[in-house]
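Number of protein chains: 2
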Amino acid sequence: MMNTTKAAKIFKALSHPNRLELYLEIAGNQESNFEPGEECLITDIIGALNIGAPTISHHLKELSNADLITTERRGKFLVARANRSTLLEVIQLLGIDR
Amino acid sequence: MMNTTKAAKIFKALSHPNRLELYLEIAGNQESNFEPGEECLITDIIGALNIGAPTISHHLKELSNADLITTERRGKFLVARANRSTLLEVIQLLGIDR
DNA sequence: TATATATTTCGATAGTTATCAAATTATTTA
DNA sequence: TAAATAATTTGATAACTATCGAAATATATA
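Chains Y and D are the protein sequences, given in the same order.
Quick note: to get our numbering, add 1 to the position in the first sequence (first position is 1).
Quick note: to get our numbering, add 1 to the position in the second sequence (first position is 1).
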């Protein structure tokens, strides 16, 4: 269920430039490929963003805790996917459509 | 212009439960009254939320810095109004509509 | 099995911030 | 003008967090 506490947590997850960039990278890669098989590989993102792997790991956990993404290990790699529904719910709370 | 830095700042402004509550109070009061004269009086909010006036003042400044609200002094009182357009812009950045 | 690669955990640090009490400023009203 | 009300500023503190390097773990591959 969505409430202000949960919503604040979601916004917090998106409140840091690097972490927001990370989320957009994950959400963006997802939408640019229609194949379900072409998810976002974290190892590629680490190269693109200018922060170390430990920090990426930390950020991923926060995005995951906020239900903004899901992650899945595929062999040696980590695959991330964006949860559009979480974003939709929190936007509804803001009542932007009224 | 909207970019990730600006967007992160907006999300940060909404990332604290009390401040989000404050924003929703401002945005909510606004929509419940159609008269432009019936804005949201801060003095009423201070009674409703469980935090002191200095903290409210601090939060208002952050919401204002993020362009989420505008404030105006009316005599002894402060009046707040929500900026819907800022919210719309940041939602567009998230690409939820694609 | 030994090495290489990908990610996470740990420990530490520097910077940020939500909150309050006290004092101050702005405005109205008695 | 004096007192009351509304809001802000100041100064302090406790809690949080983004980041890193180093070490540990997981997995694949030579």
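Beta carbons: idealized from backbone N, C-alpha and C, even for Gly.
All of these numbers come straight from a predicted model, not from anything done at the bench.
- Look at K62(D): its C-beta is not under 7 Å from any C-beta on chain Y.
- Apart from sequence neighbours up to five positions away, the residues of its chain that approach E22(D) with a beta-carbon distance below 7 Å are L50, ordered along the chain.
- Note on geometry: alpha-carbon atoms of R75(Y) and F12(D) lie some 31 Å from one another.
- Only those residues of the segment 7-19 of chain D whose C-beta falls short of 9 Å from the nearest C-beta of chain Y are listed: A8, A9, K10, I11, F12, K13, A14, L15, S16, H17, P18, N19.
- Comparing C-alpha distances from A83(Y) to each of L79(D), V80(D), G96(D) shows the shortest one belongs to G96(D).
- Closest in C-alpha terms to I27(D), from the list M3(D), L88(D), L42(D), A67(D), comes L42(D).
- The alpha carbon of N19(Y) has as its nearest neighbour, out of K7(D), H17(D), L25(D), the alpha carbon of K7(D).
- Linking K62(D) to K77(Y) through their CA atoms gives a straight-line distance of about 46 Å.
- Shown here for T71(Y): same chain residues with a beta carbon closer than 6 Å to its own, the five before and five after excluded, namely R82 in chain order.
- For L94(D), the closest C-alpha among the options N4(Y), K10(Y), M3(Y), Y24(Y) is that of Y24(Y).
- At least one CB of chain D lies nearer than 7 Å to the CB of I92(Y).
- In this structure H17(Y) touches A9(D) by the C-beta definition: roughly 6 Å separates them, less than 8 Å.
- Between A14(Y) and L69(Y) a beta carbon distance of about 6 Å is seen, short of the 8 Å cut, so the two are scored as contacting.
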